[in-house]
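Asks: Just so it is clear: in the sequence shown, position 129 is 181 by this note's numbering, and no numbers are missing. Got a structure for you, questions after.
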Amino acid sequence: MTIASRLSQQIGNASAIDVCDGGPVSLTNSAPAQFPLGGSTVVWTATDQKSRVGTASQIVTVVDTTAPTFTFVPPALTRNTCGPVNLGQATATDEGAGCVAVANDAPASFFVGTTPVTWTATDVSGNRASATQTVTVVDTVPPTVSCIADGPPGGTFRVTAGDACGAPTIALGSYAIASGERIKINETGQSGVRLIGMSDGVRHFTSARARRSSRRPTDRATPRP
């Protein structure tokens, strides 16, 4: 008989009769609780009421086609930023015999959205079982940005920005700036622009057009030299 599990005891039943006295006969066998892979000899023993014994042999062959069983799979995880994730460790057994290799197909880093992770358990006969864990990233961490002077006062500045979930967009007004790019802001005089004050090292300007639009109809501008 060929069986697919080392723990199977479904090897059939023998029968025997007492041809001399016709009395009852007891039957036992030598089957182990767990068969090894390959072929095993099972000895059946028949005993009558006068303790006379007869024996017969059966060959039981185990061809392992039974997949391992997971005993633990890590729960679903949620993270607030992208990057590596400590998943935990799944475990599995194979009918209590042999080593089971457990691995997963997780990426090195997880990004926004839900990513399934497949755990695979493989026994010594190559039978496999799989289970799934999910990792969800909901990005709530803002990017970092810096603008650092890298020259003498009035020189250039280096602008950098970073984010674990991808390259952020850097803008200065309507201008796009690449991370690591150097910028320089030059003060340019414009006709009709007047300095109106200075605080905290910041200069404040107004234009002639802005001054005219803020006057009421009855206002009169004072001529300026």
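Cβ coordinates follow ideal geometry from the N, Cα and C atoms, glycine included.
What three-state label does DSSP hand Gly-104 in the structure shown?
Replies: On the sequence shown, position 52 is the one that residue 104 refers to. Rather than Gly, the amino acid found at residue 104 in this sequence is Arg. Coil, per DSSP.
Asks: Among Gly-203, Gly-150, Pro-195, Pro-204, which one has its Cα closest to the Cα of Gly-218?
Replies: The sequence position of residue 218 within the sequence shown is 166, counting from 1. The shortest Cα separation from Gly-218 among Gly-203, Gly-150, Pro-195, Pro-204 belongs to Pro-195.
Asks: Taking the Cβ atom as the reference point for each residue, do Ser-92 and Val-112 lie within a distance shorter than 8 Å?
Replies: Translated into the one-based positions of the sequence shown, residue 92 becomes position 40. Translated into the one-based positions of the sequence shown, residue 112 becomes position 60. Yes. Within cutoff.
Asks: Alpha carbon to alpha carbon, how far is Thr-118 from Leu-129?
Replies: Here the question's residue 118 lines up with position 66 in the sequence shown. Here the question's residue 129 lines up with position 77 in the sequence shown. Between Thr-118 and Leu-129, the C-alpha separation is close to 30 Å.
Asks: Going straight from the alpha carbon of Asp-146 to that of Asp-175, what length do you get?
Replies: Indexing the sequence shown from 1 puts residue 146 at position 94. Indexing the sequence shown from 1 puts residue 175 at position 123. Each residue's Cα considered, the two are about 7 Å apart.
Asks: Which class does Ile-222 belong to by DSSP, given the choice of helix, strand or coil?
Replies: Numbered from its first residue, the sequence shown carries residue 222 at position 170. Of the three classes helix, strand and coil, the one that applies to Ile-222 here is strand, per DSSP.
Asks: Buried or exposed for Pro-120, please, with buried defined as at least 16 other CB atoms from any protein chain shown within 10 angstroms of its CB.
Replies: Here residue 120 refers to the residue found at position 68 of the sequence shown. Under this definition Pro-120 is a buried residue.
Asks: If we count the other Cβ atoms within 10 Å of its Cβ and call it buried at 16 or more, is Asn-138 buried or exposed?
Replies: By one-based count along the sequence shown, residue 138 stands at place 86. Result: exposed.
Asks: Nearest by alpha-carbon distance to Thr-133: which of Gln-110, Phe-162, Val-125 is it?
Replies: Along the sequence shown, read from residue 1 onward, the residue named residue 133 stands at position 81. Looking at the Cα atoms, Phe-162 is the closest of the given residues.
Asks: Would you mind listing the alpha helix (DSSP H) stretches within the segment 115-150 that are 4+ residues and don't spill past its ends, in chain order?
Replies: Taking only runs of at least 4 residues, no alpha helix (DSSP H) segment lies wholly in the segment 115-150.
Asks: With DSSP as the reference, please indicate the residues paired to Gln-42 in a beta bridge.
Replies: Past the edges of the chain, shown from 53 to 277, lies residue 42, and the structure says nothing about it.
Asks: Report all residues from its chain with a CB closer than 6 Å to the CB of Val-154; omit the five preceding and five following residues, and keep chain order.
Replies: Within the sequence shown, the letter at position 102 stands for residue 154. Correct list, in chain order: Ala-142, Ala-144, Ala-173.
Asks: Measuring alpha carbon to alpha carbon, tell me which residue in Gly-135, Phe-122, Phe-124, Trp-171 is nearest Thr-188.
Replies: Along the sequence shown, one-based indexing puts residue 188 at 136. If we check each option's Cα against that of Thr-188, Gly-135 comes out closest.
Asks: Inspect the beta-carbon positions of Ser-78 and Val-94 and report whether they are closer than 8 Å.
Replies: Here the question's residue 78 lines up with position 26 in the sequence shown. Here the question's residue 94 lines up with position 42 in the sequence shown. Against a cut-off of 8 Å, the Cβ pair of Val-94 and Ser-78 comes out as no contact.
Asks: Tell me whether Gln-185 is buried or exposed, calling it buried when 16 or more other Cβ atoms sit within 10 Å of its Cβ.
Replies: For this step, residue 185 is matched to residue 133 along the sequence shown. Gln-185 should be labelled buried.
Asks: Helix or strand or just coil, what does DSSP make of Gln-110?
Replies: By one-based count along the sequence shown, residue 110 stands at place 58. In the structure shown, Gln-110 sits in a strand (DSSP, three-state: E or B).
Asks: Assuming Gly-232 and Thr-208 form a contact by the criterion Cβ under 8 Å, report the distance between their Cβ atoms to the nearest whole angstrom.
Replies: Counting from 1 along the sequence shown, the entry for residue 232 is found at position 180. Counting from 1 along the sequence shown, the entry for residue 208 is found at position 156. Their Cβ separation, rounded to whole angstroms, is 12 Å, which puts Gly-232 and Thr-208 out of contact at 8 Å.
Asks: Within the continuous beta strand (DSSP E) that includes Val-211, where are the two ends?
Replies: By 1-based counting over the sequence shown, the position of residue 211 is 159. Where Val-211 is concerned, the enclosing beta strand (DSSP E) stretches over 209-214.
Asks: For Arg-234, which three-state DSSP category applies?
Replies: The count along the sequence shown starts at 1 and reaches residue 234 at position 182. Arg-234 falls in the strand class under three-state DSSP.
Asks: With a CB to CB cut of under 6 Å and the five nearest residues on each side skipped, what residues in its chain are close to Ile-200?
Replies: Counting from one through the sequence shown, the residue named residue 200 turns up at place 148. The answer, listed in chain order, is Arg-210.
Asks: Val-94 lies in the beta strand (DSSP E); which residues open and close that run?
Replies: For the purposes of this step, residue 94 is taken as residue 42 along the sequence shown, with counting starting at 1. Element bounds for Val-94: 90-99.
Asks: Taking the alpha-carbon positions, what's the Thr-274 to Gly-214 distance?
Replies: Position 222 of the sequence shown, counted from the first residue, corresponds to residue 274. Position 162 of the sequence shown, counted from the first residue, corresponds to residue 214. Bear in mind that a pLDDT of 39 at Thr-274, under 50, signals an unreliable position, so the model cannot answer this.
Asks: Leaving out five residues on either side along the sequence, give the residues of the same chain with a beta carbon under 8 Å from the beta carbon of Ser-182.
Replies: Translated into the one-based positions of the sequence shown, residue 182 becomes position 130. The residues are Thr-170, Trp-171, Thr-172, Ala-173.
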